[in-house]
Amino acid sequence: MTRTGLGRQILERLIKDVEEKAIVEFRPRQEGNTLHAILAPKKEAVPQKKAEKPQQAPPARVNQA
């Protein structure tokens, strides 16, 4: 890998940009030719799903002939 410094700078900038909504589980590291970091959403950043009631189908119409 020829530009490891540039790749590390990009990952560090990404981490800084998402720090309000994510936490860093693993800082940027290089394994062979791969440079990676692991991020996860913060607990308060995950939206809570509301318990929705299932919608009922409208009553069937009866044809009057």
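If you're matching positions, the sequence shown starts at 1 in my numbering and goes up one per residue.
Don't be surprised by glycine CBs; every beta carbon is placed ideally from N, CA and C.
Tell me which residue opens and which closes the alpha helix (DSSP H) that glutamate 19 is part of. No alpha helix (DSSP H) holds glutamate 19; DSSP gives it neither H nor E.
Could you say which of Ala37, Asn63, Gly32, Val62 lies nearest to threonine 2 if we only look at CA atoms? Gly32
On a CA-only basis, which of Leu35, Ala60, Lys42, Pro28 is nearest valine 18? Give me that one, please. Lys42
Tell me the rounded alpha-carbon separation between glutamine 55 and glycine 7. If I take the Cα positions, the gap works out to 50 Å.
Could you please give the first and the last residue of the uninterrupted beta strand (DSSP E) stretch that includes proline 59? Where proline 59 is concerned, there is no enclosing beta strand (DSSP E), given that its DSSP letter is neither H nor E.
For threonine 34, the three-state DSSP class (helix, strand or coil): strand
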